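Under my numbering, read the sequence shown as residues 413 to 1046, first letter to last.
Inspection log for the structure reproduced underneath, given as structure tokens.
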Amino acid sequence: MSLSKQLLILISALFLMIFSVNFALSVNNIKDYLEGESKNHAQDTATSLGLSLSPYMVDNRDPVIKTMMSAIFDMGYYKEIRLVDADNKELVALSSDKRIEGVPDWFTELLPMTSATAESEISSGWNMSGVIYVTVNSGYAYLKLYEQAKSGFYYSLAAFLLSIALLALLLRVTLASLSRIDLLAQQISDGHFESIEALPWTREVRNVAASMNTMSHKIKTTIAALHGKLDQMGASLLRDDLTGLYKKSVFETDMKNLALEDADAFVVLIKIDSLVDLVKERDSDVIDQFLQAFAAILGKIADLAGAQAGKAYRFYGAEFALVLKLGNAEQLEGLMKTLSNEVTELGERYQKTDLAHIGVVAFNPLLTTEILLEAAHEAYEQAHLIGTNSYFIRTGDNFARDIATWKDLVFDCVDNDGYSVWYIGQIAAFSSGELLMEEAFIQVHDKQGGLVAIGPFISIAEKFAKIVDLDKGVIRIALEHIRHNHIEHAIAVNVSTRTIKNSDFRLWLEKLIKQNPAEAKKLVFSLSAYAVVKDIDAYQAFIETVHAWGARVMIKRFETQSMSAELVKRLKPDFIRLARDIGNGIDSSSQKHAFVQTMQEISTLLDISILAENVQSDQDYRRLKAIGIVGASR
């Protein structure tokens, strides 16, 4: 119950009690007054009537006596008038049981009034000749009391209702500021650090609002600082310290993400063949300058490819790479000629005519990263045969399965449930050691029984819109697994961009979750950070909808290259699983340690659980536990 309702009920009860007591006292006072007036009236009537009858009491059978008594009695204000002689013998008796209309029975029963009776002695000369008794009809007093009580009740009720209305208005105005403070607290909890502009006029509430504004500003400033620190550290983790180019781990992530896109691209492998000789001939400073100059050439080629179309990497030592998202073979040829010429010019400055060679291979989503790099190495070796600082573009490769074969395999497998679901990546909670989460992972075999690479399978399913049916099947199997095995930990299931944007899937999922509310609480929808960034609005709507249904969401493969901390605050997932490369080697890397520590601080403020994936060494595992993240898989 809200504070305003509590105060309204409490004060209304007090008002009602005061009005009730005041009304009861008022009615009783009027009743006492009317009873007193009745007694006085009866006594006055008895006295005056006794004096009027005194001259006629010489003859107590005189008809004037009754006539005078009847004249008074007929006025209707009396219940009984009796006249007795000196011997207490009744001479005249007049009585009436007349009721006064307009007074309900319950009122007379609730407030009983005694009929006032008065007497007066009648004298004839020096002797008492009789006694007159007068009893007043209480019906008139009841009528007067009822009318007074009724008018008093209505006036009191009107005053009470008016007071309540004024009180409700006052409470609404006074407590409106508390509602704003409550809203601000909820906004802070959701990661939106606003402030109350118009401070309330009530001193205590004004102080609370000012304190909330100060707290909101401090948290906002702290998170902004943490965001900047996190982005800076994240960028340093992803780039080579000397050249500033991206590391090989970023290349591997980009290959996985590129498989989700329907775009043409080329992988370019560059090796500096003369680096060993240069190291022997020059000092370390010159070598550093040389590598930085070589990296600048690769950055230039990436820029020439177009915005967001080129990216340069340094794998290790003398091995570099480019990823160029190009669909035009002539443009690729031009860029490779430019790269060859730039490398030749750099080699001349360092007296190395044959400095490096370049191998190029077209990206294919059906191939793993390892196979693509092997093909690029073969192209690099072919470039050696062409000439100094030359390049070779490999075309016409024969792949293990062509697109048509893959399509037939995917359609047959999805339509006939020809896949199995395994539960891998067990994440243990650091606090208790208990199993926190598993991930549903599909396995597919071809007709010969061979295990199919899951990356190309998912890519083809996404390309030909079978991924929605596949995701439905995995979710359904996961729910059955939770129900039949009484699973208490979370089960993560992957969903693709095409799936979450499918309206039929949304309706199907809503119905499924409402039919299995208990099992749905154990379900965690796993989303790729790279895919989320590509369509933020669609994923934000999906996350909000899933939360409304009672399920949870995890963003996996998180690192600041693919998703900023500011976006995390906006999306508010339940879990974030760090990219695999961040957790491994954290014990020996101060940069990784600072990155995860900062991410943990932000997640604590945003109420998000941080997880690590596939941690190899015990030292890294202990370091992650010491930082305070929720859990990790081994």
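The beta carbon of each residue, even a glycine, is placed where N, CA and C say it ideally should be.
Here the structure is a predicted model, which is why all the values come from computation and not from measurement.
Quick one: what does DSSP say residue i is sitting in, helix, strand or coil?
i	result
M966	strand
F853	strand
W538	coil
Q1052	Nothing can be reported for residue 1052: it is not among the residues displayed for the chain, which extend from 413 to 1046.
I1041	coil
V958	helix
R813	Reliability fails at R813, whose pLDDT of 46 lies under 50, so the model's placement of it is uncertain and no value is given.
S464	helix
L891	helix
F876	coil
A950	helix
S871	helix
R1046	coil
V864	coil
K417	helix
R615	helix
R694	coil
I608	coil
N928	coil
N897	coil
K913	coil
Which whole-angstrom value describes the C-beta separation of residue i and residue j, a residue pair presumed to lie in contact below a C-beta threshold of 8 Å?
i	j	result
L495	I477	7 Å
V1008	I1039	5 Å
I879	S832	That belief does not hold up - the Cβ atoms of I879 and S832 are roughly 18 Å apart, past 8 Å.
I709	L751	7 Å
F775	A677	4 Å
A852	Y835	6 Å
S527	S466	Not quite, the Cβ-Cβ distance comes to about 26 Å (not below 8 Å), so this is no contact.
L935	L891	7 Å
K819	I872	6 Å
L747	L716	6 Å
S438	G564	6 Å
A733	V679	7 Å
A530	V543	Wrong, their Cβ atoms sit about 11 Å apart, outside the cutoff.
T1010	L649	Actually they do not touch by this definition, with Cβ atoms about 11 Å apart.
I608	L596	6 Å
Tell me, please, which residues DSSP counts as bridged to residue i.
i	result
Y723	It is Lys, not Tyr, that sits at residue 723 in the sequence shown. Answer is V735.
T529	T547
Y658	R651, Y725
N906	S938
I635	Paired residue(s): none; I635 is not in a bridge.
L847	A840
K683	E731, H769
Y831	V856
Y803	I770
F678	L736, A774
Count the other CB atoms, across all protein chains shown, that sit within 10 Å of the CB of residue i; report buried if there are 16 or more and exposed otherwise.
i	result
L919	exposed
T765	exposed
Y567	exposed
M481	buried
G962	exposed
L582	exposed
G1043	buried
W538	exposed
D471	exposed
M429	exposed
N1026	exposed
L463	exposed
E931	buried
R1035	buried
Y942	buried
E874	buried
A812	Because the pLDDT at A812 is just 43, under 50, the model does not fix this residue reliably, and the point stays unresolved.
R992	buried
I866	exposed
Y468	buried
L578	exposed
R964	buried
Q1031	exposed
Does residue i have its Cβ less than 8 Å from a Cβ in chain C?
i	result
G962	The chain inventory of the structure shown lacks chain C, comprising one protein chain alone.
Notebook entry, point to check: Of all the beta strand (DSSP E) runs that stay within the bounds of the region 736–797, which reach a length of 3 or more residues?
Noted result: 768–774
Margin query: What ranges does the beta strand (DSSP E) occupy inside the region 972–1029, keeping only unbroken runs of at least 3 residues that lie completely in it?
Written below: Uninterrupted beta strand (DSSP E) stretches at least 3 residues long and entirely within the region 972–1029 occur at 987–990, 1021–1024, given in chain order.
Check: Of all the beta strand (DSSP E) runs that stay within the bounds of the region 469–519, which reach a length of 3 or more residues?
Finding: 490–497, 502–507
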